[in-house]
Amino acid sequence: MRIVIVGGVAAGMSAATRAKRQNPQAEVVVFERGDYISYGACGLPYVIGGDVESFEKLVARTPERMRGEGVDVRLRHEVTGVDAKAQTITVREASGAAHSEPYDRLLLATGVSAVRPDWAETGAAGIHVLRDIPDGEAIEASLKGAKRAIIVGGGYIGLELAEALRRRGLSVVLLERGPSVAGRILDPEYQRRVQQELDKNEVDVRCGVNVEAVTVMDGRVSGVQTSGGLVRGDVLIVAVGVRPNVALAQSAGVGIGKTGAIRVSNRQETNVQHIYSAGDNTESVNRVTRRKVHVPMGLTANRMGRVAGVNMAGGEAHFPGIVGSAIFKTFDLGVARSGLTQHEADALGLDAVSVDVESTDHAGYYVDAAPIAVRLTAERGTGRLLGSQILGHPSSVKRIDVIATLLHSRSKIRDLAEVDLAYAPPFSSVWDVLLVAAGKLH
Ligand code: FAD
Numbered sequence: 001m002r003i004v005i006v007g008g009v010a011a012g013m014s015a016a017t018r019a020k021r022q023n024p025q026a027e028v029v030v031f032e033r034g035d036y037i038s039y040g041a042c043g044l045p046y047v048i049g050g051d052v053e054s055f056e057k058l059v060a061r062t063p064e065r066m067r068g069e070g071v072d073v074r075l076r077h078e079v080t081g082v083d084a085k086a087q088t089i090t091v092r093e094a095s096g097a098a099h100s101e102p103y104d105r106l107l108l109a110t111g112v113s114a115v116r117p118d119w120a121e122t123g124a125a126g127i128h129v130l131r132d133i134p135d136g137e138a139i140e141a142s143l144k145g146a147k148r149a150i151i152v153g154g155g156y157i158g159l160e161l162a163e164a165l166r167r168r169g170l171s172v173v174l175l176e177r178g179p180s181v182a183g184r185i186l187d188p189e190y191q192r193r194v195q196q197e198l199d200k201n202e203v204d205v206r207c208g209v210n211v212e213a214v215t216v217m218d219g220r221v222s223g224v225q226t227s228g229g230l231v232r233g234d235v236l237i238v239a240v241g242v243r244p245n246v247a248l249a250q251s252a253g254v255g256i257g258k259t260g261a262i263r264v265s266n267r268q269e270t271n272v273q274h275i276y277s278a279g280d281n282t283e284s285v286n287r288v289t290r291r292k293v294h295v296p297m298g299l300t301a302n303r304m305g306r307v308a309g310v311n312m313a314g315g316e317a318h319f320p321g322i323v324g325s326a327i328f329k330t331f332d333l334g335v336a337r338s339g340l341t342q343h344e345a346d347a348l349g350l351d352a353v354s355v356d357v358e359s360t361d362h363a364g365y366y367v368d369a370a371p372i373a374v375r376l377t378a379e380r381g382t383g384r385l386l387g388s389q390i391l392g393h394p395s396s397v398k399r400i401d402v403i404a405t406l407l408h409s410r411s412k413i414r415d416l417a418e419v420d421l422a423y424a425p426p427f428s429s430v431w432d433v434l435l436v437a438a439g440k441l442h
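Going by full-length UniProt numbering, 73 is the number at position 73 of the sequence shown; the sequence numbering is gapless.
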């Protein structure tokens with residue numbers, strides 16, 4: 001049994017280690033076109049901000065360690081073609097030489113690429129996206145002597161970077177095309193609080209602004225021309241979204257879903273026999289809406305990879321789907337969500353109702369009690385929990401996991417209202433803010 005994996009980060013390496021554990025006799029080979037495998041891309045903004053001391057710290061496993069575990073890893077090897085009938089792939093090595101490799105089972109774990117709008121393709125120095133370690137290293141090099149950064153995109157990566165660059169002493173302008181930052185993450189009322197946190201930390205946020213061109217001086221970015229005028233800056237980071245890497249899959253006849261990502265069964269099988277797909281390039285099912293979605297997140301990629309690894313190696317595993325959980329921080333504000341926002345529920349035509357509760361994250365009389373805001377959303381009539389958004393101190397918003405757990409099992413608001421949550425003054429109020437919100441909605 002020869003298991004071949006394309007892509008060596010979260011999904012690919014989870015699959016490789018799991019397949020080897022499932023079937024120690026299987027030959028497992030990973031082809032990665034980059035210089036690194038098995039690293040936490042999620043940590044990149046924190047290296048730039050200085051919370052993590054180096055990019056190397058993000059690497060969980062080296063190729064040598066993987067080889068010690070019986071997984072053959074080939075760096076700087078790009079897979080350029082798949083012949084599904086012959087069950088072979090074409091591999092281009094760093095030297096440019098190409099050769100063919102056979103497979104019994106093939107996993108596409110090719111991830112996503114950062115969207116680079118045409119205006120960003122000037123070739124000038126100082127223009128970046130942030131997807132992988134080399135991108136992070138390039139940003140780091142650009143920051144030397146830089147004074148003013150422009151970030152384009154107010155999603156979670158743009159917001160994490162705004163904090164990182166302010167901490168590095170740069171002035172930061174954040175440009176967002178939509179009416180608000182965090183527009184695809186939160187309801188408008190909660191977006192405004194994120195905006196306030198950015199204002200407090202002197203990030204110059206300009207929404208409703210379209211970038212039209214980059215201005216260049218002496219081969220380096222000097223600003224951007226926007227629908228709202230010229231914005232000056234000596235580093236430009238473009239964080240306007242990602243696109244699944246599906247060209248290789250398409251060349252093999254693998255089906256792409258309406259979301260633009262690879263369509264799979266809950267065993268991570270594509271429509272082409274013996275070809276599997278997992279991670280950011282792949283669709284999943286949202287358990288709340290039962291719809292296919294493309295939500296490229298770290299835990300999802302790891303879990304899909306595991307499922308693919310077990311199945312490719314002859315076992316039986318199923319990916320249960322996601323509930324749309326996400327968490328991040330910007331400055332002193334933690335932001336978490338799971339399930340649907342009111343806005344998303346409305347767009348889907350659900351009869352949804354929300355309740356908001358403001359409280360403190362632990363007993364008000366105990367030291368360092370900080371404000372916390374919770375929105376709970378439920379389906380009118382059935383009482384089914386649909387989602388939640390939580391804003392507060394970064395240490396307090398992980399209570400979103402209670403909501404994620406209930407959403408996973410399609411629970412009702414009543415179930416949340418009745419649950420026996422842990423209490424002591426340093427951690428919560430006796431009636432935790434989640435219980436208060438559930439009580440109001442129930
Ligand atoms: P990738 O990590 O994209 O890896 C795919 C690999 O495939 C790449 O190394 C690529 O070089 C390789 N490849 C592609 N095509 C080929 C080919 N033809 N031949 C050979 N190799 C190929 N998620 C969270 O859940 N929480 C977070 O806080 C969070 N923060 C993030 C912050 C940043 C800055 C970034 C960039 C991502 C963050 N993510 C976060 C997302 C998370 O990192 C991804 O979900 C995860 O990395 C996906 O893993 P993957 O293996 O599917 O894809």
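Note that the Cβ used here is the ideal one computed from N, Cα and C, for glycine as well.
Straight-line spacing of the CA atoms in Gly364 and Ser429 works out to 8 Å. Rounded to the nearest whole angstrom, the CA to CA distance from Arg168 to Thr17 is 37 Å. Your pair Gly257 and Lys292 checks out as a contact, with CB atoms roughly 5 Å apart and the cut at 8 Å. Here Thr300 carries a helix assignment [DSSP, helix/strand/coil].
Distance from the C-beta of Asp401 to the nearest heavy atom of the ligand FAD is not below 7 Å. In this structure, Asn281 lies near Pro244, with their beta-carbon atoms less than 8 Å apart. A check of alpha carbon separations from Val203 across Asn210, Glu189 and Leu170 identifies Leu170 as the nearest. When DSSP states are grouped into helix, strand and coil, Arg74 belongs to the strand group.
Per DSSP, the unbroken beta strand (DSSP E) holding Gly339 starts and ends at Leu333 to Gly339. Excluding five sequence positions before and after Ser396, the CB atoms of its chain that fall closer than 7 Å to its own CB belong to Gly334, Asp361, Ala370 and Ile372, given in chain order. Taken from the Cβ of Leu299, at least one heavy atom of the ligand FAD lies inside 7 Å. With contacts defined as CB atoms closer than 8 Å, Val71 and Val6 fail to qualify as a contacting pair. The C-alpha of Tyr366 lies about 44 Å from the C-alpha of Met13. Taking Ala336 as the centre and dropping the five residues before and after it, the same chain places the C-beta of Ile327, Ile390, Val397 and Ile400 closer than 6 Å to its C-beta, in chain order. Beta-carbon to beta-carbon, Leu174 and Leu198 are separated by about 7 Å, close enough to satisfy the 8 Å threshold. Restricting attention to beta strand (DSSP E) runs no shorter than 3 residues, the stretch 347–433 encloses them at 352–360, 371–379 and 385–392, ordered along the chain. Relative to Gly381, the option among Gly50, Val91, Lys412 and Ser388 whose CA is nearest is Lys412. In terms of Cβ geometry, Val194 and Thr330 form a close pair [threshold 8 Å].
Excluding the 5 residues flanking it on each side, Gly8 has same chain C-beta neighbours closer than 7 Å at Val30, Glu32, Ile37, Ser38 and Val73, in chain order.
Note: Gln225 is bridge-paired with Ala213 and Leu230 in the DSSP secondary-structure output. Inside the stretch 256–326, DSSP marks whole alpha helix (DSSP H) runs of 4 or more residues at positions 298–312, from first to last along the chain. As DSSP reads the structure, Ile185 sits in no beta bridge. If only uninterrupted beta strand (DSSP E) runs of at least 3 residues are considered, those enclosed by the stretch 66–114 are 71–74, 77–83, 88–93, 98–102, 105–108 and 112–114.
The distance from the Cβ of Leu407 to that of Gly314 is about 33 Å, inconsistent with a contact at the 8 Å cut-off. When DSSP states are grouped into helix, strand and coil, Lys440 belongs to the helix group.
For the set Asp432, Gly229, Leu386 and Val79, the Cα lying nearest the Cα of Ser325 is the one of Leu386. In the structure shown, the three-state DSSP call for Lys147 is coil.
Closest by C-alpha distance to Gly439, out of Asn286, Ala125 and Glu418, is Glu418.
Burial is judged here by how many other beta carbons sit within 10 angstroms of a residue's own beta carbon; Ala60 has fewer than 16 and is exposed.
Where Arg206 is concerned, the enclosing beta strand (DSSP E) starts and stops at Val203 to Cys207. A Cβ-Cβ distance of about 7 Å is found for the pair Asn286 and Val323, placing them in contact under the 8 Å criterion. Separation of the CB atoms of Leu107 and Ala15 is rounded to 5 Å, and the pair is thereby assigned contact status at 8 Å. By the criterion of at least three beta-carbon pairs nearer than 8 Å, the stretch 145–155 is not in contact with the stretch 304–314. Membership of Arg2 in any alpha helix (DSSP H) is not indicated; the residue belongs instead to the beta strand (DSSP E) covering Arg2 to Val6. Relative to Leu165, the option among Tyr46, Ala424, Lys20 and Ala347 whose CA is nearest is Tyr46. For Pro45, the uninterrupted alpha helix (DSSP H) run begins and ends at Leu44 to Gly49, by DSSP.
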